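Residue numbers (my numbering), protein chains in the order written: chain A, 1 to 131; chain B, 1 to 365.
For reference, the structure is listed below as structure tokens.
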Amino acid sequence: MSEIPGDLKFLKSHEWARLEDDGIVRVGISEHAQEQLGDLVYVELPALGTAVKAGHAVAVVESVKAASDIYTPVSGEVIEVNELLADRPELINEDPYGEGWIFAVRIADRGELDELLDADAYAEQLEQDAH
Amino acid sequence: MTAQHTALHATHLAQGARMIDFGGWDMPIHYGSQIEEHHAVRRDAGMFDVSHMTVIDLHGPRTREFLRHLLANSVDKLKTAGKALYSCMLNEQGGVIDDLIVYYFDDAHYRLVVNAATRAKDLDWITRQAAPFGVEVKARPDLAMIAVQGPNARAKVLGLLHEGDRARIEKLARFSAAAAQGPHGMPLFIARTGYTGEDGFEIMLPNEHAAALWQALTAAGVRPCGLGARDTLRLEAGMNLYGQDMDESVTPLEAGLAWTVSFDEGRDFIGRRALEAQRDAGVPRVTVGLVLDDKGVLRHGQKVFSAAGEGEILSGTFSPTLGKSIALARLPAGDPGPVTVDLRGRRVPVRVVKPPFVREGRPAV
Numbered sequence: 001m002s003e004i005p006g007d008l009k010f011l012k013s014h015e016w017a018r019l020e021d022d023g024i025v026r027v028g029i030s031e032h033a034q035e036q037l038g039d040l041v042y043v044e045l046p047a048l049g050t051a052v053k054a055g056h057a058v059a060v061v062e063s064v065k066a067a068s069d070i071y072t073p074v075s076g077e078v079i080e081v082n083e084l085l086a087d088r089p090e091l092i093n094e095d096p097y098g099e100g101w102i103f104a105v106r107i108a109d110r111g112e113l114d115e116l117l118d119a120d121a122y123a124e125q126l127e128q129d130a131h
Numbered sequence: 001m002t003a004q005h006t007a008l009h010a011t012h013l014a015q016g017a018r019m020i021d022f023g024g025w026d027m028p029i030h031y032g033s034q035i036e037e038h039h040a041v042r043r044d045a046g047m048f049d050v051s052h053m054t055v056i057d058l059h060g061p062r063t064r065e066f067l068r069h070l071l072a073n074s075v076d077k078l079k080t081a082g083k084a085l086y087s088c089m090l091n092e093q094g095g096v097i098d099d100l101i102v103y104y105f106d107d108a109h110y111r112l113v114v115n116a117a118t119r120a121k122d123l124d125w126i127t128r129q130a131a132p133f134g135v136e137v138k139a140r141p142d143l144a145m146i147a148v149q150g151p152n153a154r155a156k157v158l159g160l161l162h163e164g165d166r167a168r169i170e171k172l173a174r175f176s177a178a179a180a181q182g183p184h185g186m187p188l189f190i191a192r193t194g195y196t197g198e199d200g201f202e203i204m205l206p207n208e209h210a211a212a213l214w215q216a217l218t219a220a221g222v223r224p225c226g227l228g229a230r231d232t233l234r235l236e237a238g239m240n241l242y243g244q245d246m247d248e249s250v251t252p253l254e255a256g257l258a259w260t261v262s263f264d265e266g267r268d269f270i271g272r273r274a275l276e277a278q279r280d281a282g283v284p285r286v287t288v289g290l291v292l293d294d295k296g297v298l299r300h301g302q303k304v305f306s307a308a309g310e311g312e313i314l315s316g317t318f319s320p321t322l323g324k325s326i327a328l329a330r331l332p333a334g335d336p337g338p339v340t341v342d343l344r345g346r347r348v349p350v351r352v353v354k355p356p357f358v359r360e361g362r363p364a365v
């Protein structure tokens, strides 16, 4: 079973969200998701300042084999993107919960976080998917 | 349907392979990193389990005559035992039923290696066409096949052979094959062929010895590679994949395989008349290479826009050797002018090139 940090919330589609200071939510994809995708070779980041809506596609990650939409777990404004990924998309493979984060949103409604899966529920989903 | 397993299935699982369904076979896609496996083949030596491919032995006094009829390339080019030839097998309309390698043992015994996903269709077609020639068509599911590829692949295999065989196998010419003894005397049929653009061997052997040979190759420093790396390697080498770059709706002339068609005099092969008509009227579509110098990845099915008209991407992927995306595309014939691709709603310019994209491990475009 992949490592799943307890402070994260998840979408069923394998994006994680971490609430940081001042209502900033950092977003990436799970250890399991990067494993499934394989070697990542390109990331299309959202533009800074974009208004995004929870559950909508805002970024794209491309592995050798396929392109995948990345959905934002929360609504708000994109205030940071991980520029390192432009040259080193493999950071997502190497450190999906850390250096491989993708973008950060200033969250409009913290209540949205409660709608997401917690680490245990996400682990349970992975368990079910495996069977 | 239960997935089929090759003789190396348990070995792949033990080595930590990630498995996928590949035309009804449970096969390794990679063992951790497809890109590292790709580089291992370009820089050193890697191996692939290709036992899912179909080996078919043909026997009978009229086998040569039969193959002159069945194949678009001419088996008359095979003059010495062990020589091999790449060819397409066509329908009456000139469409590609499959591409294959034919090995020559003697005039009454040839061996075909055809694709995995087309096994039933191929066997059916070949058996039907063979009947009037009285040729016996015998599939060989008892044989496993391991492709060892890369600049150091041959040296690593040679080290495992019986001493008495080494010099002979070392001198094996490209597209030739010979029998030799492997570790513990196991019988090997070694061909200097491959599907990666690198030098190397494709080795056929009885299933019961496959795991032992795989282990010996692993110990000799040959890296196990999955079918993911095989796909990026073959595309860099500009080689067609059946079902993606060609099928029964395409002729070899349109698929960039005109060089494999032999219009030798007095040989009435299946599809010849259709190909001659197409050649004389002008081949309507061409297959070209595309390079995306910008960021992004070209994918199968994306639309291509050229001055000659609209086309589509057949195989597209990220090229680990070039560090950018490459593709094979089919376009209407004629000067393509500046070419663009619809990349997920974005029109991006691409360069039209003549494959291969990579030659002898180095960028060629």
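We put the beta carbon where it would ideally sit given N, CA and C, even for glycine.
Values in this document were obtained by computation on a predicted structure and should not be read as measured data.
In the structure shown, Trp-25 of chain B adopts extended strand secondary structure according to DSSP, grouped into three states. Out of B:Val-148, B:Val-286, B:Ala-116, the CA that lies nearest to the CA of Ala-139 of chain B is found in B:Ala-116. Along the stretch 114 to 130 of chain A, none of the residues has a CB nearer than 8 Å to a CB of chain B. Beta-bridge pairing by DSSP links Leu-172 of chain B to no other residue.
By the CB criterion at 8 Å, Gly-238 of chain B and Phe-357 of chain B fall inside the cutoff. Put simply, the CB of Gly-76 of chain A is far from chain B, with every gap to its CB atoms at 8 Å or more.
Here Ala-179 of chain B is bridged, per DSSP, to B:Phe-189.
Excluding its 5 nearest sequence neighbours in each direction, His-59 of chain B has C-beta neighbours in its own chain below 8 Å: Ala-108, His-109, Val-135, Glu-136, Lys-138, listed in chain order.
DSSP places Gln-36 of chain A inside the alpha helix (DSSP H), whose first and last residues are 31 to 37. Against chain A, the beta carbon of Ile-190 of chain B has no neighbour under 9 Å; the closest one sits roughly 30 Å away. For Leu-158 of chain B, the enclosing alpha helix (DSSP H) covers residues 153 to 158. With fewer than three CB-CB distances shorter than 8 Å, the stretch 228 to 248 of chain B does not count as touching the stretch 71 to 82 of chain B. Between Leu-40 of chain A and Ser-75 of chain A, the C-beta gap is not smaller than 8 Å, which leaves the two residues out of contact. Secondary structure at Phe-201 of chain B: strand, using DSSP grouped into helix, strand and coil.
Ile-190 of chain B and Ile-79 of chain A have their alpha carbons spaced roughly 59 Å apart. The stretch 296 to 309 of chain B makes contact with the stretch 334 to 349 of chain B; the number of CB pairs closer than 8 Å reaches 3 or more. Three or more Cβ pairs closer than 8 Å define a contact, and the stretch 196 to 215 of chain B meets that threshold against the stretch 149 to 166 of chain B.
Interface with chain B (8 Å Cβ-Cβ cutoff): Asp-87 of chain A is excluded. For Ile-35 of chain B, the uninterrupted alpha helix (DSSP H) run begins and ends at 34 to 43, by DSSP. The stretch 34 to 46 of chain B makes no contact with the stretch 92 to 99 of chain B; the number of CB pairs closer than 8 Å stays below 3.
Burial is judged here by how many other beta carbons sit within 10 angstroms of a residue's own beta carbon; Trp-16 of chain A has at least 16 and is buried. Pairing Leu-85 of chain A with Arg-110 of chain A, the inter-Cα distance amounts to about 27 Å. With the criterion set as a beta carbon lying under 9 Å from some beta carbon of chain B, the stretch 94 to 108 of chain A has no members that meet it. When Cβ-Cβ separations below 8 Å define contact, Glu-31 of chain A makes no contact with chain B. Contact residues of the stretch 22 to 50 of chain A toward chain B are Gly-38, Asp-39, Val-41, Tyr-42 (C-beta to C-beta distance below 7 Å). Straight-line spacing of the CA atoms in Leu-257 of chain B and Lys-156 of chain B works out to 32 Å. Contacts with chain A at 8 Å (Cβ-Cβ) include Ile-35 of chain B. By the CB criterion at 8 Å, Ile-101 of chain B and Val-113 of chain B fall inside the cutoff. Within its own chain, the residues whose Cβ lies closer than 8 Å to the Cβ of Ile-56 of chain B, once the five positions on either side in sequence are excluded, are Arg-111, Leu-112, Val-113, Val-114, Asp-122, Leu-123, Ile-126, Val-137, Lys-138, Ala-139, Arg-140, listed in chain order.
Residues are counted here when their Cβ sits less than 7 Å from a Cβ of chain A; for the stretch 302 to 334 of chain B these are Thr-317, Phe-318, given in chain order.
Listed along chain B, the residues sitting closer than 8 Å to Glu-62 of chain A by beta-carbon distance are Gly-296, Val-297, Phe-318. In the DSSP annotation of this structure, Arg-351 of chain B is not part of any alpha helix (DSSP H); the continuous beta strand (DSSP E) holding it starts and ends at 346 to 353. Apart from sequence neighbours up to five positions away, the residues of its chain that approach Asp-245 of chain B with a beta-carbon distance below 6 Å are Leu-314, Ser-315, Leu-328, ordered along the chain.
Distance from the Cα of Thr-6 of chain B is smallest, within the candidate group B:His-209, B:Leu-322, B:Leu-241, B:Arg-272, for B:His-209.
Secondary structure of Trp-101 of chain A (DSSP, three-state): coil.
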